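Trainee: Protein chains in written order, with numbering that gives the first Met the number 0: chain A, 0 to 125; chain B, 0 to 173. For every residue, glycine included, the Cβ atom is placed at its ideal position computed from N, Cα and C. Every value quoted in this text rests on a predicted model; they were computed, and no experiment measured them.
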Amino acid sequence: MNDDDRELREGFTRLRAEEERGAPAFSALRGHAGHAAAPRRRLLAPLALAAAAVLAAAMLWRRESPPSPPVPPAAAPSAISLDQWRAPTDFLLQTPGRELLSTVPALGRGLPRAITSPMPERSTPS
Amino acid sequence: MAPGSGPMSELELERLHPASFGWALGCCRWDREEAEEVLQAAYLKVLEGRARFDGRSSVKTWLFAVIRKTAADRRRRLWLRSLALGRWALAGPRPAPVSDPEALLGQSDECRALRAALRSLSSRQRDLLHLVFYQDLTIDEAARVMGITNGTARRHYERGKERLRRMLRAGGGA
């Protein structure tokens, strides 16, 4: 150990003596150590009580409120509206001559007038 | 105490108490209140057997490692809590910090200068110098307390010593 080290060591020795004089008694810290878990328990107890109270209130509320009656399918407004609903673009399907596509042609009945009408005479260029 | 014999006895803790308090102070940067809390938590760990002596080092080295880890855990927990809750949540229940911690520890100018110089070192350098010069441990024992290799400990010890000397000569770490 050189002189510089000795100087440092002396400084630390003085520091140690000073701090040891001001050290709390072992029993004080040991006593607290025995009760160190108490603050946590003190916090946990009200939390547990509050949680239990909330749970009990929720169970009571569930038991006392009557269950809602099931909705009959016929009375369901969605069913009615679905039955009567028409698409807003239905008018696009109302094309002229649509009946030709949706009916079967019958013998002895003439074609619709629009089809049997004579074609206009074609004018020949002179 | 026999190696691996489980929880340390109260008598042994009491024997090491003054040195443990000095070490706890160093780990908490001389915040006396924090040091007492850390030491109390460390004693609880030891007495309840949550920290068990395995006989791989001396009892003092092992106890100091427990105290150091407890201080680090506490600092980390406080930091995480401050992140989670914000500063406002911590401001309420905490007592006002002591403006001059030296007043609680002693009035000697020499000691005050040494503490100030030690505070400005890195935590690794500070802890190593404390363990070697204050607690009379060897550098290898100090390395074991800190959980670092002997080579790393020696390097930090030499650098810390040089820096501490320079600061003390310059007038005390300010």
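So that I know if they touch, is there some Cβ in chain A lying closer than 9 Å to that of H155 of chain B?
Mentor: So no, H155 of chain B is outside the interface.
Trainee: Could you spell out the range, first to last residue, of the alpha helix (DSSP H) harbouring C110 of chain B?
Mentor: Run containing C110 of chain B: 108-118, per the alpha helix (DSSP H) assignment.
Trainee: Residues in its own chain within less than 6 Å of A34 of chain B by CB, not counting five upstream and five downstream?
Mentor: Closer than 6 Å at the Cβ level, and outside the excluded window around A34 of chain B, lie A23, L24, C27.
Trainee: In the DSSP assignment, find the unbroken alpha helix (DSSP H) run with G150 of chain B in it and report its ends.
Mentor: Run containing G150 of chain B: 149-169, per the alpha helix (DSSP H) assignment.
Trainee: Going by beta-carbon coordinates alone, are L28 of chain A and Q124 of chain B separated by less than 9 Å?
Mentor: For L28 of chain A and Q124 of chain B, no; Cβs fall outside 9 Å.
Trainee: Evaluate contact between the segment 137-151 of chain B and the segment 163-170 of chain B, counting only Cβ atoms and requiring at least three cross-stretch pairs below 8 Å.
Mentor: No: fewer than three Cβ pairs fall under 8 Å.
Trainee: Please list, in chain order, the residues of the segment 15-26 of chain A that have any C-beta partner in chain B closer than 7 Å.
Mentor: Under the 7 Å Cβ criterion, the segment 15-26 of chain A contributes R15, E17, E18, E19, G21, A22, P23, F25.
Trainee: Quick check on S19 of chain B: buried or exposed, where buried means 16 or more other Cβ atoms within 10 Å of its Cβ?
Mentor: That one is buried.
Trainee: Please name the residues in the segment 106-122 of chain B whose beta-carbon is closer than 8 Å to at least one beta-carbon of chain A, in chain order.
Mentor: Those would be S107, E109, C110, L113, R114, in chain order.
Trainee: Verify whether the separation of the beta carbon atoms of R75 of chain B and L120 of chain B is less than 9 Å.
Mentor: In this structure, L120 of chain B does not lie closer than 9 Å to R75 of chain B by Cβ.
Trainee: Looking only at C-alpha atoms, which of B:Y156, B:R165, B:V131, B:R158 sits nearest to T60 of chain B?
Mentor: It is B:V131.
Trainee: In whole angstroms, give me the CA-to-CA distance for P96 of chain B and M58 of chain A.
Mentor: At P96 of chain B, the pLDDT of 47 sits below 50, so the modelled position is not reliable; the number obtained from the coordinates is stated separately. When rounded, the distance between both Cα atoms is 47 Å.
Trainee: Which whole runs of the alpha helix (DSSP H) in the segment 28-80 of chain B are 4 residues long or more, in chain order?
Mentor: As far as the segment 28-80 of chain B is concerned, its whole alpha helix (DSSP H) runs of at least 4 residues are 31-46.
Trainee: First and last residue of the alpha helix (DSSP H) that includes S122 of chain B?
Mentor: Its alpha helix (DSSP H) spans residues 122-128.
Trainee: If you follow the alpha helix (DSSP H) that D4 of chain A is part of, which residue opens it and which one closes it?
Mentor: That run of the alpha helix (DSSP H) goes 2-20.
Trainee: Give me the chain A residues within the contact set of L38 of chain B, using Cβ-Cβ distance strictly less than 8 Å, ordered along the chain.
Mentor: What L38 of chain B touches in chain A: L28.
Trainee: Tell me the DSSP secondary structure of L100 of chain A in three-state form.
Mentor: Three-state DSSP puts L100 of chain A in a helix.
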